[in-house]
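**Student:** Next up is a structure, given as structure tokens.
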Amino acid sequence: MDLFAAIDTRSSAARLTEPVPGGAALTRILEAAVRAPDHGHMAPWRFLVLQRESRNRLADAVAQARLIRTPDATAEALEAERQKILRAPMIILVACAAQLNHPKIPEIEQVLAVGAAVQNLLLAAHALGYGAVWKTGPAAYDSFVKTAVGLKATDHIVAMVHVGTPLAVGPVRPPVLEGVVRHL
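Its first residue numbered 1442, the sequence shown is counted upward by one per residue in this note's numbering.
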């Protein structure tokens, strides 16, 4: 699939199943991600590939973080939090391990580089026939969740990319430029 076809046809997967990318396909997706623009060649991105039991570890951390934030959460609400994670057969957690107070490259540029890596990852997965959806939510910003998966509390979870074979896809976003582009 050429670049513009991938851009023009990519959409977030509404439902995912097995198989997930593995071996050469997963390596290719991650290689595409790390080719993102990166001021200072800092490589601030970190990729945690979660499948099977490691998804349970994340799901448990997300539910526990919800309980910490909302002590009166019901058992059903906590299980719903767990199930959000377990819906996808693979999650690629994409984080930014920013070098704080860098003399030339501010933290925001490092986070943006990781965002660009996520876009490359999404396009590469799509080009290889896999579905993916970029998710975050309160758990992505929770220090308990970060440390539970081996990140530092100061790291930024930029995306929890759900990956698999698409059972259903969302609509493709139309290229609306009106109101968002000005020529000066």
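The beta carbon of each residue, even a glycine, is placed where N, CA and C say it ideally should be.
State the DSSP-derived secondary structure class of L1499, mapped to helix, strand or coil.
**Tutor:** Helix at L1499.
**Student:** Identify the residues that DSSP records as bridge partners of Q1505: which are they?
**Tutor:** For Q1505, which the question treats as bridged, DSSP gives no partner whatsoever.
**Student:** Work out the CA separation of N1561 and T1569 for me, nearest whole Å.
**Tutor:** Looking at the sequence itself, residue 1569 is Leu, so the reference to Thr does not match. Cα to Cα, the separation comes out at about 12 Å.
**Student:** Assign H1482 to one of three DSSP states: helix, strand, or coil.
**Tutor:** Of the three classes helix, strand and coil, the one that applies to H1482 here is helix, per DSSP.
**Student:** Within the chosen definition, does the segment 1605–1614 reach the segment 1539–1553 through at least 3 CB pairs nearer than 8 Å?
**Tutor:** Flag = no, the segment 1605–1614 and the segment 1539–1553 do not touch.
**Student:** If you pair each beta-carbon of the segment 1471–1490 with each one of the segment 1511–1526, do three or more pairs fall below 8 Å?
**Tutor:** Touching, no.
**Student:** Less than 7 Å separating the beta-carbons of A1506 and R1523?
**Tutor:** The answer is no: Cβ separation not under 7 Å.
**Student:** In angstroms with no decimal places, state the Cα-to-Cα distance between A1600 and A1581.
**Tutor:** One C-alpha to the other measures close to 7 Å.
**Student:** Just tell me which of G1620, A1538 and H1543 has its CA closest to the CA of L1592.
**Tutor:** Minimum Cα distance to L1592 is reached at A1538.
**Student:** For P1478 and A1558, what's the separation of their Cα atoms in angstroms?
**Tutor:** So the two alpha carbons sit approximately 8 Å from each other.
**Student:** So what's K1593 in DSSP terms, helix, strand or just coil?
**Tutor:** Three-state result, K1593: coil.
**Student:** DSSP on K1545, reduced to helix/strand/coil?
**Tutor:** Of the three classes helix, strand and coil, the one that applies to K1545 here is coil, per DSSP.
**Student:** DSSP on G1464, reduced to helix/strand/coil?
**Tutor:** It is helical.
**Student:** At least one CB of chain B closer than 7 Å to the CB of R1528: is that the case?
**Tutor:** Although the question refers to chain B, the structure presented lacks it and comprises just one protein chain.
**Student:** How is Q1551 classed by DSSP in three states: helix, strand or coil?
**Tutor:** Reduced to three states, the DSSP call for Q1551 is helix.
**Student:** Are there 16 or more other CB atoms within 10 angstroms of the CB of F1488, so buried, or fewer, so exposed?
**Tutor:** Classification for F1488: buried.
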